[in-house]
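Protein chains in written order, with the UniProt record's numbering: chain E, 1 to 271; chain Z, 1 to 278. Quick reminder that beta carbons are idealized off the backbone N, C-alpha and C, glycines included.
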Amino acid sequence: MTLSRYAQWALRAFMALGLLFIYVPLMLVLINSFNGDRTFGWPPHDFTTRWWSAAWDNTGARSALLTSVKAGLGATAIALVLGTMVAFAVQRFKFFGRDTLSLLIVLPIALPGIVTGIALDSAWRSVIEPLGIGKGLFSVIVGHATFCVVTIYNNVLARLRRTGINLEDASADLGASPGQTFRYVTFPMIRSALLAGGLLAFALSFDEIIVTTFTAGPGVTTLPIWIFNNLFRPNQAPVVNVVAAVLVVLSVVPVWLAQRVAGPEAGASRT
Amino acid sequence: MTSFLHRHPRVRLAGLLSAPLLWLGVAYLGALAVLLVSAFWSVNTFTGQVVREFTVANFRTILTEEVYRNVTLRSLGVAASVTVICVVLAVPMAFYMAKVASPRTRKWLVIAILTPLWASYLVKAYAWRILLANDGPMDSIFGGPGYGLTAVVLVLSYMWLPYMILPIYAGLERLPDSMLEASADLGARAGRTFRRIVLPILIPSVFAGSIFTFSLSLGDYITVQIVGGKSQLIGNLVYANIGAANNLPFAAAIATVPVVIMVIYLVAVRRSGALEEL
């Protein structure tokens, strides 16, 4: 289909407007973190960096960041193991209910977060709490891992489908033990898929608020929960602005990493 | 040990599936099942204790009382509007990216669409809270819309737009340019090529994107709290019944509404091949 010049220009203009729509709010967050006015009047009249130093000294925000990193790493580790196992099972074996299995894995992110949240919360309270393990950071990790499995599963499955099993067969024919084949052939093949999936899983966990609200024990505050708790407090606005700006800047990192490690297609799907 | 595993693929399969199935199949599905069952329980109004006796009272309340019907319809309306807005914005953008832009520009555009996905959900909602505030940028330029249901639709469309662009882009990218040229060579005008060649590729991708936009909008209650003013969606009702009202059975009953809607939606779009496009 050869588009007329007019149509091409119209599409280009539409694209530009779309990007403007996507980026203006994010730019606003960045600018506002330097807004010198305490009430954040718009447009800003003078600029300052003092909110940034105030945010750096804010212990609440810092410990929330640490909690989020711990939860993200824990959930990603579990999801890496579980997701890879399912991907291998689905790709290498035929079994009853294989199609249903992929639906089961998508379910935790396809269902509204609040449903997963209260389901896990009431299950934890009625089954695991009587065993003496109260809700805390661990329950957050369990909740996050549940919906992170899908990112690893999809990435590894796509990789296994593309690479096939010829190389592994060759490795076995040449006398490698299954352990050696996994270490020297299979693992290097799926490594970048694991990294891409792991990045996604970490990002999903780092950003999650709804499931966290229901699975976090008392005193466990992740960064999104901290932001939400302070969002409606005008005197905390300067620090919230800076934390928000930091998160906007940080969002460039995983995209850059994914581009470097696995090429442009690696980050192309968030699920 | 290894040779035993080698000779018994079923044992290997069981080994691979055991942990994930225990986690997702038993623990997660179990939790969902208990939630579903508890929707048929009730709460003793004096003691606040959950009474584990079967009753359909919760569902009767949801189906007969007008508040709940209105909130359900409002939530469906918001989810549908968000999905439509996202499709309208995403199709031209994805088409430009896949079929008009040069390969170099295309690469940068994909990055430009991907990057905001990694920016925090709350930060985006917060950005719009600033934008939409009284005397804020939107108010001083456009004189509105302020906090409310319109703001919710606007902000949710903003949040989920990349989720719609990416599957559509991926679908269009797989469509070879030569097919569009062939169609033109055979005498089809742009409109006809679009209907006969582009649209069949587009539909499963749009459905795939709509799973995100629809489901994510249907369960949202945070954005509503941040920019929604006084308006309420299903999520807010569920949240209120767990927190303030402490009525888990009723919360569970309300929560089944979006689940039923989503399951119907997933089954309906599965036939278009949308699930493979996710």
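Where do the ends of the alpha helix (DSSP H) carrying residue i lie?
| i | result |
| --- | --- |
| Z/Y158 | 149–174 |
| Z/A133 | Z/A133 -> no alpha helix (DSSP H), and no H or E assigned at all. |
| E/H144 | 137–163 |
| E/M27 | 5–32 |
| Z/S120 | Unbroken run through Z/S120: none, as it is neither H nor E. |
| E/W124 | Here E/W124 belongs to no alpha helix (DSSP H), and DSSP marks it neither H nor E. |
| Z/M179 | 177–185 |
| Z/P249 | 248–270 |
| E/W51 | 50–56 |
| E/P112 | Taken as a continuous stretch (DSSP letters only), E/P112 belongs to no alpha helix (DSSP H), as it is neither H nor E. |
Check the Cβ-Cβ distances between residue i and every residue of chain Z, and say whether any is below 8 Å.
| i | result |
| --- | --- |
| E/M85 | yes |
| E/P112 | yes |
| E/V239 | no |
| E/I105 | yes |
| E/A266 | Unreliable placement is indicated for E/A266, whose pLDDT of 44 sits below 50; the coordinate value is still reported in the next sentence. Not an interface residue. |
| E/T146 | yes |
| E/G18 | yes |
| E/A158 | no |
| E/R270 | In this prediction, E/R270 has a pLDDT of 41, which is less than 50 and means its spatial position is unreliable; what the coordinates show is noted afterwards. Yes, E/R270 lies at the interface with chain Z (some Cβ there is under 8 Å from its Cβ). |
| E/Q180 | no |
| E/Q236 | no |
| E/F138 | no |
Round the Cβ separation of residue i and residue j to the nearest angstrom and send it over; I've been treating them as touching at under 8 Å.
| i | j | result |
| --- | --- | --- |
| E/G74 | E/I141 | 4 Å |
| E/A61 | E/W226 | 6 Å |
| Z/L172 | Z/A101 | No, Z/L172 and Z/A101 are not in contact; Cβ-Cβ is about 11 Å, not under 8 Å. |
| E/N58 | E/V220 | That pair is no contact at about 18 Å. |
| Z/V78 | Z/V153 | 6 Å |
| Z/G228 | Z/Y147 | 7 Å |
| E/G72 | E/F228 | That belief does not hold up - the Cβ atoms of E/G72 and E/F228 are roughly 17 Å apart, past 8 Å. |
Pick out whichever of the options has its Cα sitting closest to the Cα of residue i.
| i | options | result |
| --- | --- | --- |
| Z/T61 | Z/V259, Z/R271, Z/A252, Z/R270 | Z/A252 |
| E/V185 | E/G175, E/S102, E/S171, E/L195 | E/S171 |
| Z/W160 | Z/K107, Z/S205, Z/V82, Z/V50 | Z/V82 |
| E/G136 | E/G217, E/S4, E/A87 | E/G217 |
| Z/M164 | Z/A98, Z/F46, Z/I211, Z/A133 | Z/I211 |
| Z/L76 | Z/A244, Z/L233, Z/Y126, Z/Y169 | Z/L233 |
| E/S4 | Z/R104, Z/D139, Z/A57, Z/G191 | Z/G191 |
| Z/C86 | Z/V224, Z/S217, Z/I254, Z/A240 | Z/S217 |
| Z/A240 | E/F214, E/V246, E/L104 | E/F214 |
| E/V29 | E/A244, E/V253, E/N229, E/T67 | E/A244 |
| Z/L32 | E/I114, E/L231, E/F182, E/P25 | E/I114 |
| Z/V91 | Z/R271, Z/L202, Z/R270 | Z/L202 |
| E/Q259 | E/L247, E/L199, E/V211, E/S68 | E/L199 |
Distance cutoff 8 Å, beta carbons only. Does residue i sit that close to anything in chain E?
| i | result |
| --- | --- |
| Z/Y221 | yes |
| Z/K230 | no |
| Z/S81 | no |
| Z/M262 | yes |
| Z/R271 | no |
| Z/V100 | yes |
| residue 291 of chain Z | Residue coverage of chain Z in this structure runs from 1 to 278, which leaves residue 291 of chain Z outside it and unanswerable. |
| Z/Y147 | no |
| Z/V43 | no |
| Z/G25 | yes |
| Z/G187 | no |
| Z/I85 | no |
What's the call for residue i, buried or exposed, on a 16-neighbour Cβ count within 10 Å?
| i | result |
| --- | --- |
| Z/E181 | exposed |
| Z/D220 | buried |
| Z/A129 | In the sequence on display, residue 129 of chain Z carries Arg and not Ala. Under this definition Z/R129 is a buried residue. |
| E/A119 | buried |
| E/E129 | exposed |
| Z/N44 | exposed |
| Z/F214 | buried |
| E/R159 | buried |
| E/W124 | buried |
| Z/I141 | exposed |
| Z/Q225 | buried |
| E/P234 | exposed |
| Z/H8 | exposed |
| Z/N246 | exposed |
Given the structure, does residue i come close to the ligand GDP, in the sense that its CB is under 7 Å from one of the ligand's heavy atoms?
| i | result |
| --- | --- |
| E/D207 | No copy of the ligand GDP appears in this structure; indeed no ligand is present at all. |
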